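Each residue of the sequence shown is one higher than the one before, starting from 1 at the first, in the UniProt record's numbering.
See structure below.
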Amino acid sequence: MLLQRGYSLIELLYAVVLLGILATLAIPSMTYYIRQARLYDAQKALLINFHELERFYAQNYRFKKNSTTWATLKEIETEHFCIKFQGNPRGVKGDRFTLKAVAKNKKLEPRSIIIDDDKQLRICETTVSECDPPSHPNKTPYFSGDSTRTDKLCKFL
Numbered sequence: 001m002l003l004q005r006g007y008s009l010i011e012l013l014y015a016v017v018l019l020g021i022l023a024t025l026a027i028p029s030m031t032y033y034i035r036q037a038r039l040y041d042a043q044k045a046l047l048i049n050f051h052e053l054e055r056f057y058a059q060n061y062r063f064k065k066n067s068t069t070w071a072t073l074k075e076i077e078t079e080h081f082c083i084k085f086q087g088n089p090r091g092v093k094g095d096r097f098t099l100k101a102v103a104k105n106k107k108l109e110p111r112s113i114i115i116d117d118d119k120q121l122r123i124c125e126t127t128v129s130e131c132d133p134p135s136h137p138n139k140t141p142y143f144s145g146d147s148t149r150t151d152k153l154c155k156f157l
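Set out below in structure tokens:
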């Protein structure tokens, strides 16, 4: 009597096909949840900055240090997003601000998140704003331009 040990070729092929089907279903779903988790991290950092700016305003009656400099942000980046003020502080009223989180790698995440002084959160599908590369010698403390022109397809959260 011959004892069979191991798996036949057909059984191995079934296992490979089954793993392929499971991977095809699971990977896009996991990618979606990973992107959402990264957005939530950026949203959390924006809210931390919002509350810090509210404290700064309560003490100084403005959101700027002076006419040319925004207040210092507590959270300037997450692992996947950079966070800056939107626009040059010159000419902006002292009681208004907009913060924006933009992905460091816009190919993986083209969306941006914006919060303003009214605590209105928006997510935009595209933005022309970009994070400064780490090697950039003169990092800008704000994203230039107006968010209504630089961000498209925005919706409130």
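All C-beta atoms in this analysis are idealised placements derived from N, C-alpha and C, irrespective of residue type, glycine included.
Just so we're clear, the structure is a prediction, and the values are computed from it rather than from any experiment.
| Spatial distance of Arg-20 from Phe-81 (CA atoms) | One-based indexing of the sequence shown puts residue 20 at position 20. One-based indexing of the sequence shown puts residue 81 at position 81. Before going on, a small fix: residue 20 reads as Gly here, not Arg. If I take the Cα positions, the gap works out to 33 Å.
| said: Can you list, in chain order, the residues of its chain with a C-beta nearer than 6 Å to that of Gln-4? Leave out the 5 residues immediately preceding and following it. | reply: By 1-based counting over the sequence shown, the position of residue 4 is 4. Listed in chain order, the non-local C-beta contacts of Gln-4 below 6 Å within the same chain number zero, local neighbours out to five positions each way being set aside.
| message | Taking 8 Å as the cut-off, is the C-beta of Phe-63 nearer than that to any heavy atom in the ligand FMN? | response | Annotation note on the ligand FMN: not contained in the displayed structure, which lists no ligands.
| If you draw a straight line from the C-alpha of Tyr-61 to the C-alpha of Tyr-142, how long is it? | For this step, residue 61 is matched to residue 61 along the sequence shown. For this step, residue 142 is matched to residue 142 along the sequence shown. Their backbone Cα atoms lie some 21 Å apart in a straight line.
| said: I'd like to know whether the C-beta atoms of Leu-39 and Arg-111 end up nearer to each other than 9 Å. | reply: Locating residue 39 in the sequence shown gives position 39, where the first residue counts as 1. Locating residue 111 in the sequence shown gives position 111, where the first residue counts as 1. Cβ atoms of Leu-39 and Arg-111: closer than 9 Å.
| Status (buried if at least 16 other CB within 10 Å, exposed otherwise) for Asn-49 | Counted from its first residue, the sequence shown places residue 49 at position 49. The residue is buried, with at least 16 neighbouring Cβ atoms inside 10 Å.
| request: Taking all protein chains shown into account, decide if Ile-115 is buried (16 or more other Cβ within 10 angstroms of its Cβ) or exposed. | output: Taking the sequence shown and counting its residues from 1, one reaches residue 115 at position 115. Counting Cβ neighbours within 10 Å, Ile-115 comes out buried, since at least 16 surround it.
| field | Same chain only: Cβ atoms within 8 Å of Asn-105, ignoring 5 sequence neighbours per side | value | Numbered from 1 along the sequence shown, position 105 holds the residue referred to as residue 105. Correct list, in chain order: His-80.
| Does the beta-carbon of Gln-86 have 16 or more other beta-carbons within 10 angstroms, so that it is buried, or is it exposed? | The residue labelled residue 86 in the question sits at position 86 within the sequence shown. Buried: at least 16 other Cβ atoms inside 10 Å.
| query | Is the CB-CB distance between Leu-157 and Gln-43 below 9 Å? | reply | Working through the sequence shown from its first residue, we reach residue 157 at position 157. Working through the sequence shown from its first residue, we reach residue 43 at position 43. Yes, they are a contact pair.
| field | Secondary structure of Ala-71, DSSP reduced to three states | value | Sequence index remark: in the sequence shown, residue 71 carries index 71 (1-based). Assignment of Ala-71 by DSSP, reduced to helix, strand and coil, places it in the coil class.
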